[in-house]
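The numbering of the sequence shown is the numbering used here, which starts it at 29 and goes up by one. Heads up, the thing below is written out as C-alpha cells.
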Amino acid sequence: MSYSILLYGHVVVGAIALISGAIALIVAKGQKRHKLSGTWFVYTMLAMALSGLFMASLAQVFITVLSGALTLYLVLSGWISIKRDLPTKKECELGLLFVGVLVLIFGTYLSMKAFSGITDNLGSFQVPPTVYYVFTAICAVAVLSDIRYLLAPKTTRSFLLVRHIWRMCFPLYIAASSFFMGQQRVFPESLQGTFYLTIPPLLVIFCMIFWMLRVKLNKFKIKPGV
C-alpha cells in the first residue's frame, strides 16, 4: 500500500513538473510567471527524482537510479546558478560537486557493465548501453563545468545563464522522454510507436538550444519581475 501511494505521488508530481517546466520555458524570463513556474518545477522535479530514486533502488533498476541521481544534481546546481544572494552558495556548490562526482563514478561503473553487455531489463525492454553512456557523459560535462566554475576567479553572466538553462532543460527532457516514450501504453494505440510521441521531448531540446543561443548572441533579455 505504501509503495502504491509513493508511486501515485511520483506520477502526480511528475505531471506537475512537466507542466510547470513547459510554462517556464515558454513565458518571458524574469517575470512572476517564470519565477513561479520555475519554483514549482524545481520542487516537483526534486520530489519526483527522490521518489523515483527510492523506488528504483528497491526494484534494483539501476538506470533509473542513475537518472534520478543525475536529475537531482543537475536541477540543484542549475537552480543555485541564479541565486546570487545565497549566503552559503560556495559551500553548496562544493557539496553539489561532490554529489556530481559520486554520480559520475556510479555512471562510469554502470557504463562499464553495459559495455560488457549487462544492462537493466525492464520487462520486454532491454535498456541499450548507449543510455548509460549518454547519462554518464552528461554528468562528466557537468562535473568538469563545475570544477571550471569553482576555480575561475570570476564568471560571466552568460556562463551562469547557460549553466542554468541546460541543467534545467536536460532533466525536463528526461522526464518528458520517460512519460511520452517510456509510458506509451497510456496513449491511444494509434499514437503508440509513432513519431508524434517523440515531439514533446524534442521540443525541450529545441527550446534549450534556442535559449542558449540567445544568451551566447547577447540577445537574452530578462524582463523586470512583477
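We put the CB at the ideal spot given by N, CA and C, even for glycine.
Of the residues the options, the one placed nearest residue i, counting alpha carbons only
i	options	result
T67	G106, L35, L219	G106
P157	I233, A45, A142	A142
H38	L74, E217, G58, T116	L74
F163	L94, A77, A56	L94
L189	V89, R112, G80, K60	R112
F126	I175, G49, A203	I175
Y101	T116, S186, S173	S173
Y151	L34, T99, A87, F134	Before going further, note that residue 151 is Gly rather than Tyr in the sequence given. Of the candidates L34, T99, A87, F134, the one whose C-alpha sits nearest the C-alpha of G151 is A87.
Y160	I233, F153, F134, G123	F134
A50	V214, M209, P181, C235	C235
T72	S79, V41, L122, G80	V41
Simplified DSSP state of residue i, which is helix, strand or coil
i	result
L94	helix
L150	strand
S144	coil
K57	coil
V155	coil
Euclidean distance between Cα positions of residue i and residue j
i	j	result
L130	I91	15 angstroms
A43	Q211	13 angstroms
T147	V155	6 angstroms
L179	F198	24 angstroms
S109	P216	40 angstroms
S85	S144	22 angstroms
L104	I227	26 angstroms
M83	N246	43 angstroms
S218	M209	14 angstroms
Cβ separation of residue i and residue j, assumed to be a contact under 8 angstroms, to the nearest whole Å
i	j	result
L132	C167	5 angstroms
L46	A204	6 angstroms
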